[in-house]
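From first to last, the protein sequence lines are chains A and B. Start counting the first sequence at 1; every next residue gets the next number (our numbering). Start counting the second sequence at 309; every next residue gets the next number (our numbering). Working notes, structure below.
Protein chains: 2
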Amino acid sequence: MATASRALSPRGSASDSTRLRVAAAARELGYLPNPAARALATRTGTRIAVVVGGHTAHVLNDPYVARVAAATASVAASRDVGVSLHWLPLHDPGGLGRLTENRDVGGIIVVNPTEPALATVPRSARGRVAAIGIGSRDVPSFDVDNATGTTNVLEHLLATGRRRIAMITGPDWLPCTRRALTAYHRATEAAGTPPRLVPGDFTATRGHHATTEILTRWPDTDAIFALGDLSALGALDALRHRGVDVPGDIAIAGFDDLPYATLSHPPLTTTTNPVEPITTAAATTLLDRQTAPPLTLYPSTLIPRAST
Amino acid sequence: MATASRALSPRGSASDSTRLRVAAAARELGYLPNPAARALATRTGTRIAVVVGGHTAHVLNDPYVARVAAATASVAASRDVGVSLHWLPLHDPGGLGRLTENRDVGGIIVVNPTEPALATVPRSARGRVAAIGIGSRDVPSFDVDNATGTTNVLEHLLATGRRRIAMITGPDWLPCTRRALTAYHRATEAAGTPPRLVPGDFTATRGHHATTEILTRWPDTDAIFALGDLSALGALDALRHRGVDVPGDIAIAGFDDLPYATLSHPPLTTTTNPVEPITTAAATTLLDRQTAPPLTLYPSTLIPRAST
DNA sequence: CTCACCCATGGAAGCGCTTCCACCGCAAGG
DNA sequence: CCTTGCGGTGGAAGCGCTTCCATGGGTGAG
């Protein structure tokens with residue numbers, strides 16, 4: 001029993017011959033370890049939690065979150081681990097605390113936490129539950145390199161003759177927004193064009209309103225870059241309502257390359273967000289209890305379509 | 309210890325006074341049951357599996373599946389239970405078998421199984437793991453009433469003067485497709501219009517190709533109804549490429565009311581699919597180990613927009 | 001050839017719960 | 001007033017693992 005346990009566990013010290021014999025016997029007998037018993041004995045959780053800041057509706061509808069959840073579930077399923085999906089209301093400092101009290105949670109993936117408090121694992125849970133972020137600045141994180149992504153989009157817009165480029169940003173406390181802003185300032189400065197920034201929140205509705213705001217403040221805008229395809233689609237919608245020709249009068253570009261980006265009219269120029277590789281890396285790091293650098297960035301590639 | 313266990317468990321027989329005293333003590337001590345220990349003792353699973361027939365890419369991208377997964381996760385999180393998301397390749401008769409071997413899985417939600425085999429819990433696992441379907445015909449299921457939904461859409465199309473209405477269906481072994489087909493036949497027969505049916509699979513790509521097929525076989529078609537907004541968006545795309553005016557020449561209607569239905573040009577007429585209530589009902593039934601009728605249908609309401 | 005040492009191994013305890021079973025005190029019936 | 005029966009209660013076993021600890025066989029050094 002003890003030897004079998006050691007042979008089956010990757011961390012156990014058993015000789016190679018024993019390990020092989022145990023594996024063979026297990027296969028022959030159709031033995032499968034009982035996750036509950038293992039979790040009980042090791043005092044570790046049997047599942048990882050995906051935590052998103054925001055409200056129910058947001059979580060359910062944002063395809064970005066759906067992609068993260070699905071990719072996490074995919075990794076977890078292959079490791080025989082469960083997943084739970086949680087959304088934490090903003091301004092709820094105790095959020096992660098309540099979650100980590102549950103002894104069944106062994107790891108947390110924090111998705112684009114909208115506040116630092118949402119990414120902070122309480123002291124009492126340190127060591128027992130690990131946290132990895134997707135775009136968090138408080139825990140080791142993986143994210144898309146949206147500085148380069150932004151630079152690519154802006155260079156593309158500049159190369160196609162656009163000079164008065166507005167950007168619909170994300171919440172400004174998000175690291176990805178910060179990186180994109182830096183890249184935007186650098187690119188516009190180099191091109192000698194003044195910055196035109198409007199805050200956004202990655203939703204289509206906000207993209208719509210932000211576009212109206214842009215057209216009011218800077219009527220001569222000739223390109224709009226939205227951090228997030230949903231916002232870009234909202235922008236497209238707003239321009240259509242005002243009879244503005246895309247890309248004739250104004251070019252539109254998004255970020256993320258959602259499946260819907262090809263279905264809009266005109267199809268949306270965007271830059272990829274490799275959500276699945278990023279999520280897979282985060283989940284794997286968590287499940288293997290590896291240590292990760294503070295930030296690992298994944299490249300984004302430009303996909304020019306008819307909207308620019 | 310024993311008494312506390314009984315008092316805390318809903319099925320235990322403890323007097324009300326004890327139950328209250330135990331609850332008070334638990335609150336005071338901050339006691340939280342250990343799910344792993346409970347699972348070990350009761351030999352039940354600590355999580356529910358969501359099973360979708362198809363391939364990885366399909367699972368990750370289909371917003372319908374994402375909604376089901378998210379809603380399941382939502383219910384599970386509130387009950388302190390994990391979720392795992394699985395996709396089973398078609399033509400894999402042993403699929404559910406392997407899944408139920410895992411003693412950690414206590415229940416299965418089968419989502420629109422594309423083959424009966426995918427919905428069949430092996431004999432060895434009966435009693436230990438329960439299965440509930442969303443649109444399955446082999447296990448107790450919840451689904452949208454797409455017969456009425458289809459009827460409403462067709463009546464709307466007929467009322468707006470359309471007479472040559474084609475339908476892009478779903479896989480014909482799915483109960484929801486069958487119900488929609490019956491409703492379509494009934495409505496077209498009553499209106500004295502000939503049926504125009506093209507098989508689909510709920511994807512945008514297939515919607516695009518199916519539309520080309522429709523225009524080739526029946527050039528005078530004046531309306532296309534797709535079972536699934538994604539297919540409808542694909543149809544819209546195909547018509548745009550051929551310069552067909554929507555809704556001037558051909559009206560388009562979808563099914564599901566995805567968030568993107570409002571962002572297309574023109575916005576898509578569709579009928580709702582209450583995925584969240586349906587999924588919540590399925591998950592709740594599963595977690596409470598209730599028995600459910602073979603099929604419970606949820607109403608769908610028509611949302612007329614500019615595409616018809 | 002002997003001794004010390006090291007590593008692989010099996011025994012046994014224990015993780016935190018549920019549930020069987022025996023027990024006790026109570027109310028109702030004889 | 002004693003017996004029977006029943007519902008509520010605590011003791012104890014056991015769910016299937018991991019891990020500490022003691023043991024034994026093999027190795028290298030003396």
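Cβ atoms here follow ideal geometry from the backbone N, Cα and C, with glycine treated the same way.
* The alpha helix (DSSP H) enclosing A589(B), as first and last residue numbers -> A589(B) -> alpha helix (DSSP H) spans 583 to 595.
* Proximal residues of chain A, C-beta to C-beta of N460(B) below 8 Å -> Residues of chain A passing the Cβ test: none, with the nearest at roughly 24 Å.
* **Check whether T296(A) and V68(A) have beta carbons under 7 Å apart** => Contact flag unset, no.
* Mind checking which residues open and close the beta strand (DSSP E) that includes D451(B)? => First-last of the beta strand (DSSP E) with D451(B): 449 to 452.
* Asked: Where does the unbroken beta strand (DSSP E) through G361(B) begin, and where does it stop?
  -> Start and end: 355 to 361.
* Leaving aside the five residues before and after T520(B) along the sequence, list all residues of the same chain whose C-beta is less than 7 Å from its C-beta, in chain order. => If we look at T520(B) and ignore the five residues flanking it on each side, its Cβ neighbours are A546.
* Simplified DSSP assignment, three categories, for H265(A) -> Reduced to three states, the DSSP call for H265(A) is coil.
* Alpha carbon to alpha carbon, how far is G415(B) from V373(B)? Give it in angstroms, no decimals. => For V373(B) and G415(B), the distance between alpha carbons rounds to 18 Å.
* Asked: At a Cβ threshold of 7 Å, is P421(B) touching chain A?
  -> For P421(B), no CB of chain A lies under 7 Å from its own CB, so it is not counted at the interface with that chain.
* When burial is assigned at 16 or more other CB atoms within 10 Å of the CB, is A333(B) buried or exposed? -> Exposed, because fewer than 16 other Cβ atoms sit within 10 Å of the Cβ of A333(B).
* Can you pull the DSSP bridge partners for H517(B)? -> Per DSSP, none; premise fails for H517(B).
* To do: Determine whether the Cβ of E28(A) lies closer than 7 Å to any Cβ atom of chain B.
  => Chain B contact via Cβ: absent.
* **Cβ neighbours of T221(A) in the same chain (closer than 6 Å, five flanking residues each side left out)** => In the same chain as T221(A), and ignoring 5 residues on each side of it, the C-beta atoms closer than 6 Å to its own belong to R164, A166, I214, in chain order.
* To do: Can you give me the start and stop residues for the beta strand (DSSP E) that S84(A) sits inside?
  => Here the beta strand (DSSP E) through S84(A) covers 82 to 88.
* State buried or exposed for Y568(B), treating a residue as buried only when at least 16 other CB atoms are found within 10 Å of its CB. => In summary, Y568(B) is buried, with 16 or more beta-carbon neighbours lying within 10 Å of its beta-carbon over all protein chains present.
* Chain-ordered chain B contacts of L286(A) [CB-CB under 8 Å] -> Here the premise fails: no neighbours, minimum Cβ distance about 14 Å.
* Verify whether the separation of the beta carbon atoms of A591(B) and T380(B) is less than 7 Å. => With respect to T380(B), A591(B) sits close: the two C-beta atoms are nearer than 7 Å.
* Asked: Given 8 Å as the limit, is there contact between the stretch 166 to 176 of chain A and the stretch 220 to 236 of chain A, that is, 3 or more CB pairs closer than that?
  -> Yes, since at least three Cβ pairs between the stretch 166 to 176 of chain A and the stretch 220 to 236 of chain A fall closer than 8 Å, the two stretches touch.
* Which residues bound the alpha helix (DSSP H) around Y568(B)? -> Under the DSSP assignment, Y568(B) falls outside any alpha helix (DSSP H); it carries neither an H nor an E label.
* Asked: Got a sec: is the Cβ-Cβ distance from V52(A) to anything in chain B below 7 Å?
  -> At a cut-off of 7 Å between beta-carbon atoms, V52(A) makes no contact with chain B.
* To do: Alpha carbon to alpha carbon, how far is T311(B) from R319(B)? Give it in angstroms, no decimals.
  => Spanning the two alpha carbons is a distance of roughly 12 Å.
* Asked: Is the distance from the Cβ of S307(A) to the Cβ of L268(A) below 7 Å?
  -> Going by C-beta atoms, S307(A) is nearer than 7 Å to L268(A).
* To do: Tell me whether V376(B) sits in a helix, a strand or coil according to DSSP, three-state version.
  => If DSSP states are grouped into helix, strand and coil, V376(B) belongs with the helices.
* To do: Using a cut-off of 7 Å between C-beta atoms, extract the partners of D245(A) located in chain B.
  => Ordered by position in chain B, no residue passes the 7 Å Cβ test against D245(A), which lies about 13 Å from the chain.
* As assigned by DSSP and simplified to three states, the class of L404(B) -> Note: L404(B) maps to helix in three-state DSSP.
* Asked: Is V437(B) near V413(B), with beta carbons less than 7 Å apart?
  -> For the pair V437(B) and V413(B), the CB atoms are nearer than the 7 Å cut-off.
* Asked: In whole angstroms, what separates the C-alpha of P294(A) from that of T150(A)?
  -> If I take the Cα positions, the gap works out to 21 Å.
* Asked: Beta-carbon separation of T285(A) and I48(A) under 7 Å?
  -> With contacts defined by Cβ atoms closer than 7 Å, T285(A) and I48(A) do not form a contacting pair.
* Nearest-angstrom Cβ-Cβ length linking A345(B) and L40(A), presumed shorter than 8 Å -> Approximately 5 Å separates the beta-carbon atoms of A345(B) and L40(A); this is inside 8 Å, confirming the contact.
* Asked: What first and last residue would you give for the alpha helix (DSSP H) that runs through A334(B)?
  -> Run containing A334(B): 324 to 337, per the alpha helix (DSSP H) assignment.
* To do: Flag D509(B) as yes if its beta-carbon sits less than 7 Å from any beta-carbon of chain A, otherwise no.
  => Taking 7 Å as the threshold, the shortest C-beta distance from D509(B) to chain A does not fall below it.
* Asked: Whose C-beta lies closer than 6 Å to the C-beta of P507(B) among residues of the same chain, with five residues either side of it excluded?
  -> Here the set comprises T477.
* **Coil, strand or helix - L535(B) by DSSP** => The answer is coil: DSSP assigns L535(B) none of H, G, I, E or B.
* chain A partners of T354(B), CB-CB under 9 Å? -> Those within 9 Å of T354(B) in chain A are P35, A36, A39, T46, R47, G82, D104.
* Between which two residues does the alpha helix (DSSP H) harbouring R196(A) extend? -> From DSSP, R196(A) is part of no alpha helix (DSSP H) but of the beta strand (DSSP E) over 196 to 198.
* Who are the near neighbours of A589(B) in its chain, counting only those whose CB is closer than 6 Å to its CB and skipping five residues on each side? -> Only F450 meet the Cβ criterion.
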